Each structure stands twice: as structure tokens, then as C-alpha cells.
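In what follows, a structure is listed as C-alpha cells, so that the remarks can point back to it.
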Amino acid sequence: MQKKVKEDFFKASWKYEEAPESTNHIQIKKQYDLFIDGQFVKPVGNKYFDTIDPSNHRKIASVAEAESEDVDKAVKAARKAFRSWSKISGKERGKYIYRIARLIQEKAREFSVIESLDGGKPIRESRDIDIPLAANHFFYYAGWADKLTYAFPNRNPTPLGVVGQIIPWNFPLLMAAWKIAPALATGNTVVLKPAETTPLTALKLAEIIHESGIPNGVVNIITGAGKTGALIVNHPDINKIAFTGSTNVGKYIQKAIAGTSKKLTLELGGKGANIIFEDAAIDQAVEGIVNAIFFNQGHVCCAGSRLFVQESVADLVIQKLKNRMETLIVGNPLDKNTDIGAINSKKQLETIKNYIEIGTNEGGEIYQPKCSIPKKGNWCVPTLFLNVSQSHRIVQEEIFGPVLAIQTFRTIDEVIEKANNSPYGLSAGVWTQKGSKIFNLTQKLNAGVIWANTFNKFDPVSPFGGYKESGFGREGGLHGLKPYVKFESYFN
Ligand code: NAP
Ligand code: MG
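Add 4 to a position in the sequence shown, counting from 1, and you land on the number used in our numbering.
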């Protein structure tokens with residue numbers, strides 16, 4: 005862009021007044037115990053850890069740390085509850101799941117604020133995406149509870165038993181919904197552990213679950229760090245582990261349960277390719293690039309963190325992208341104007357900063373807009389790397405932050421090869437006007453989810469999951485029921 009045009013562009017940009025969401029309508033306890041057998045109970049070791057607000061490092065609440073005996077209590081409660089829960093009719097199970105869905109909707113505003121406080125994501129996202137989607141997952145799977153014989157005709161699906169579920173910090177309530185809803189619909193009982201840095205909405209969900217009147221022990225929510233997760237994984241009376249998190253921990257879990265009869269689904273990391281062809285609607289594609297990598301501070305397993313732009317439009321796309329980045333607002337997660345909130349933890353911020361340093365040292369050309377960030381808290385300015393190639397670490401490895409690596413391509417075959425040259429296979433995006441190109445690519449890209457002319461769109465009806473080191477098993481849709489049932493016909 006010419007210098008003058010660029011200056012005019014910035015002069016014309018909007019100034020926003022602060023518009024913070026209020027916090028006076030939320031209820032957070034000072035201290036949270038473990039939700040076991042329908043009650044909040046103190047941890048046996050009486051140990052608690054702090055959960056903090058990553059935008060200002062203030063403590064929000066103390067949360068119980070579950071140790072071996074607590075995990076055992078939760079599994080025992082789930083086992084006891086399974087005996088009757090697995091026997092009641094699907095219609096009856098559905099009734100409770102619908103109730104949970106409705107209660108989430110009723111308390112959506114409170115959930116959104118707590119999600120943004122505890123995890124750092126912009127209120128706009130928790131309000132419009134995380135919380136409504138979480139409710140939708142419960143609604144969707146409530147609908148399946150009495151129709152399992154239609155989902156799996158002639159196969160007599162039966163539940164697996166007690167399911168251990170471990171989730172990460174990037175979509176705390178949504179991941180809890182992805183795990184709990186299909187497990188309950190199929191007649192399993194659950195022991196779930198949220199991530200150490202974001203336990204509060206899962207604990208709020210525990211209150212709702214209690215309020216729904218679902219029988220005690222059907223859902224148990226226990227808090228703690230990785231050690232507590234490992235105790236769930238290794239508990240001998242668990243029938244299935246459903247894990248969402250990093251590929252490293254996924255590999256550890258796979259090893260830990262090898263040789264046992266436990267079933268496993270893994271939803272792991274990613275390094276999604278976002279591919280822009282010269283015939284794409286460029287302005288929409290630029291919005292798509294921003295959404296693909298800066299949504300939720302880039303803490304998204306399916307983020308479009310590798311951008312491939314066709315050479316003929318690369319200069320235009322990159323200039324428009326840089327201009328758009330100048331308008332992104334980084335700051336208070338509770339401000340309704342905020343586009344990019346706080347990085348979830350100091351540890352994650354260090355990881356991201358380290359990758360930015362690696363990218364620069366390896367010769368990448370860095371670009372960051374001139375945006376102001378608050379003094380206190382965990383912040384990262386949205387970042388682009390140009391002039392990088394397939395061998396750069398920031399192109400290969402998952403950063404899990406607002407950092408985009410940009411490459412160009414000339415032909416379809418070239419971009420397919422580059423896009424598939426990754427140990428991961430979770431997501432991809434394709435931007436073009438040509439339907440034939442979309443179908444051609446979607447056949448050849450090794451990714452569980454491929455978006456056409458959009459990115460990071462989720463729906464409970466649509467299955468989600470990965471290939472290669474992004475894991476196995478699907479969540480969402482009809483496919484999401486299957487990992488929670490076994491079949492008694494010989495068609496297994
Ligand atoms: P993580 O470190 O693997 O942690 C995930 C969960 O596992 C947390 O609850 C964690 O506890 C627990 N955990 C840690 N060590 C464990 C162990 N040895 N045994 C059992 N559980 C253990 O991942 P993260 O940093 O929280 O999340 C980011 C990762 O999740 C990224 O790689 C991202 O791509 C992936 N992710 C994938 C999907 C998907 O659907 N494919 C969705 C979202 C995120 P603490 O955190 O409390 O220590
Ligand atoms: Mg927190």
C-alpha cells in the first residue's frame with residue numbers, strides 16, 4: 005500500500021470507549037470442594053490451589069486438589085451410579101440432559117463472565133460462542149438419548165461404564181460439554197477433571213448438574229493438576245478415557261493404558277493449514293485469516309496457524325492482513341470491544357515468547373501491529389512471520405498462541421504437499437470461489453475438519469477430531485456417540 009493511503013487508513017480507524025461487562029451478577033465461592041456423588045466434599049488431603057485471573061493475576065478462588073483417595077471415591081460413586089443409570093430409559097436420561105442444557109442457557113451470562121475471568125478469553129467469544137455452543141451440545145445429545153437404536157440400527161448399543169474425562173484450558177465449559185453430553189446420552193457415568201488454570205465453569209456446571217436432579221454419582225467433577233489427571237487415567241475401575249489436550253500427554257496416556265481393557269479417544273494438538281487461492285473473495289479471506297489464528301488468542305487446537313497464500317495475491321493479502329491487525333484490540337477480556345484477551349497462563353506466555361524468539365532467530369521476518377497492551381497480566385501482541393519455509397520450527401510445531409506463519413504457493417499440488425507436510429492432521433481451511441477446487445482439496449488434505457470459505461465454525465451436529473498426531477475418535481454429531489458404546493451383535 006502507498007504510504008499516504010496507509011496513513012489515511014489509520015486516521016480513519018475507530019476509537020472505542022470502554023464497554024466492560026459487569027461482574028455484579030455472578031456468584032463465585034471463595035473456595036470450591038470436589039463434586040463427588042452429588043455433593044461438594046472436602047479433599048482428603050485438605051489441599052487447595054488458587055485459580056487466578058490471567059488479565060491481572062488476581063486470585064479468584066481456591067480450588068480443591070484431588071489425590072488418590074478422592075479419585076477413588078469419585079470412581080466408586082460413578083460405578084455405583086452406573087448400575088441404575090445404565091438401566092433407566094433413554095427418554096428419562098434425555099430429560100436430565102435437556103434440563104442441564106436449559107440451566108446453562110438460563111445462566112449463560114454468568115457462565116460467560118466466569119469463563120472470561122478465569123481463562124482470559126474475550127467476553128464477546130465466551131458470550132457468543134463458548135457458552136451457547138456448550139448448551140447446544142447438551143440439547144443435541146439429549147435428543148439422541150432415546151434414539152440410540154436408530155443411531156446404530158440392529159447393533160444393540162450398550163454403555164461402556166465409568167468414563168474418565170480430562171480436558172484442557174482453552175474452551176473449559178465447551179470441552180466439558182463435548183465430553184459429558186454424549187457420555188450421559190449413551191448411559192455412561194463420568195469422572196471429569198478440568199484444567200488447573202480454568203476450573204470455575206466446570207464447577208459451576210457441577211452446581212447445575214446438582215440442580216438438574218440427575219441421580220447422585222452420574223457426574224463427578226474433580227479438580228487438580230496433571231497428577232490428578234494421571235490418577236484418573238491409571239485407576240483400575242475406569243472403562244474408558246476421553247482426553248483432550250497436548251500430543252505429549254496424549255502419548256503418555258496411550259502408553260499408560262496399553263495392555264488394559266480401557267478404551268481411549270484422544271483429541272490432541274494441531275497445526276492447521278489455511279489456504280487462500282487467488283480467486284477467493286480477498287476481504288472475506290482476510291477476516292477468515294484473523295478468525296483462524298487470533299480467535300481465543302490462538303489457543304485453539306484447530307487454529308489456522310499455517311497460512312498459504314497463492315503467490316499472485318500474496319502482497320495484497322498480506323498488506324490487507326497487516327492493516328486489519330492494526331485495528332485489533334488487545335486487552336481486558338471483559339470489555340465487549342476486545343478482540344484478543346489475556347494469554348491463559350504465565351507458562352503459556354513464556355512458550356509463545358520462546359517461539360517468537362525462535363522464529364526471529366531462524367530468520368523469519370516478524371510483523372506486529374502497534375497496539376497498546378495493559379501493564380499487568382499475560383499479554384501477547386498478534387504476530388505474523390513472513391519469509392519462513394517448511395523447515396522452520398514455527399511452521400512445524402504447535403505454538404498455541406496468536407502467531408501466524410505465512411508461506412506462498414503457486415499450484416494446487418504444491419499447496420497440498422505443503423499442507424500435508426505436518427505430523428498433525430486436525431483442521432484446514434480453503435478459500436476459493438471454485439467448488440471443484442474445494443472438492444479436489446478436501447479429498448486430498450489429511451485433516452479431520454476442513455472449512456470452505458470460513459474457519460473455526462463449530463456445530464454440535466458436525467463431528468470433530470483428528471488424524472495422525474492430532475489423535476483419534478470423533479466428538480460431535482452421530483459419530484460422537486460411538487466412542488461411548490459397545491455393540492452386542494456380531495457385526496462389531
Ligand atoms: P495438556 O497439558 O495436555 O493438559 C490437558 C489436560 O490434561 C489438563 O487437564 C491437564 O491438567 C491434564 N494432564 C496433564 N498431564 C497429565 C497426565 N500426565 N495425565 C493425565 N492428565 C494430565 O494440554 P493443555 O496445555 O492444557 O492444552 C493445550 C493442548 O490441548 C494443545 O496441544 C491443544 O491443541 C490441545 N487441544 C486439542 C483439542 C482437540 O479437540 N483436538 C481441543 C482443545 C485443545 P492441568 O492442566 O491441570 O495440569
Ligand atoms: Mg484461572
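All residues carry an ideal CB built from backbone N, CA and C; glycine is no exception. No experiment lies behind these values; they were computed from the predicted model shown.
Scanning the region 443 to 477 from its first residue to its last, the whole beta strand (DSSP E) runs of 3-plus residues come out as 453 to 456. Inclusion of PRO58 in the 7 Å shell around ligand 2 follows from its C-beta lying nearer than that to a non-hydrogen atom of the ligand.
In this structure, THR205 keeps its C-beta atom at 8 Å or more from the C-beta atom of TRP173. Across the structure, GLY381 and GLY345 are spaced so that their CA atoms are roughly 10 Å apart. Contact annotation: SER309 and GLY273 have beta-carbon atoms that are not nearer than 8 Å.
For GLU271, there is no enclosing alpha helix (DSSP H); the residue is found in the beta strand (DSSP E) stretching over 267 to 271. For GLU330, the closest of GLU366, LEU338 and TYR371 by C-alpha to C-alpha distance is TYR371.
Here the distance from the Cβ of PHE468 to the nearest heavy atom of ligand 1 is below 7 Å. THR412 and THR27 have their C-alpha atoms roughly 45 Å apart. Straight-line measurement puts the Cα of GLY249 at about 8 Å from the Cα of ILE170.
For PHE389, the enclosing beta strand (DSSP E) has its first and last residue at 387 to 390.
By the criterion of a C-beta distance shorter than 8 Å, GLU114 is surrounded in its chain by HIS29, ILE30, GLN31 and LYS208, once the five residues flanking it on both sides are discounted.
Cβ contact annotation for ALA229 (same chain, cutoff 6 Å, sequence separation greater than five): GLU200, in chain order. ALA296 is positioned such that its CB atom lies no closer than 8 Å to that of ASN450.
Looking at the backbone, the Cα of ASN160 and that of LEU152 are separated by about 8 Å. Taken through DSSP and simplified to helix, strand or coil, VAL48 comes out as coil. For the 8 Å CB-CB criterion, PHE468 and HIS303 do not form a contact. Between VAL407 and ILE356, the C-beta gap is smaller than 8 Å, which places the two residues in contact. Per the C-alpha coordinates, the member of ASP74, THR364, ASN60 and GLU421 positioned closest to GLN43 is ASP74. Closest in alpha carbon position to ILE242, among SER393, VAL194, SER440 and LEU188, is VAL194. Taking 8 Å as the cut-off, the beta carbon of THR190 is found closer than this to the beta carbon of PRO163. The beta carbon of TRP89 sits closer than 7 Å to the beta carbons of GLY191, THR193, PRO219 and VAL222 from its chain, once the five residues preceding and following it are set aside; these are given in chain order.
Only residues of its own chain outside the window of five on either side were considered, and among them ILE279, ILE442, LEU445 and ALA456 have a CB closer than 6 Å to the CB of VAL434, listed in chain order.
Within the same chain, TYR36, TYR52, PHE53, THR55, PRO203 and THR227 come within 7 Å of VAL67 by CB-CB distance, once the 5 residues on both sides are set aside. Beta-bridge pairing by DSSP links PRO24 to ASP339. Remark: the shortest separation between the CB of VAL67 and any heavy atom of ligand 1 does not fall under 7 Å. Collapsing the DSSP output to three states places TRP435 in a strand. In this structure, ALA65 places its C-beta atom within 8 Å of the C-beta atom of LYS34.
By the CB criterion at 8 Å, TYR102 and PRO464 fall outside the cutoff. Between LYS244 and LYS267, the C-beta gap is smaller than 8 Å, which places the two residues in contact. Ranking PRO47, TRP148 and PHE175 by CA distance to the CA of SER93 puts TRP148 first.
Around the Cβ of ARG414, a 10 Å sphere holds fewer than 16 other Cβ atoms; the residue is exposed. Between LYS95 and PHE156, the alpha-carbon positions lie close to 17 Å from each other.
In chain order, PHE39 and ILE225 place their CB closer than 6 Å to the CB of ALA210, counting only its own chain and leaving out the 5 sequence neighbours on each side. A check of alpha carbon separations from VAL167 across ILE454, LYS80 and GLN301 identifies LYS80 as the nearest. In the DSSP annotation of this structure, the continuous segment of the beta strand (DSSP E) that includes VAL166 starts and ends at 166 to 170.
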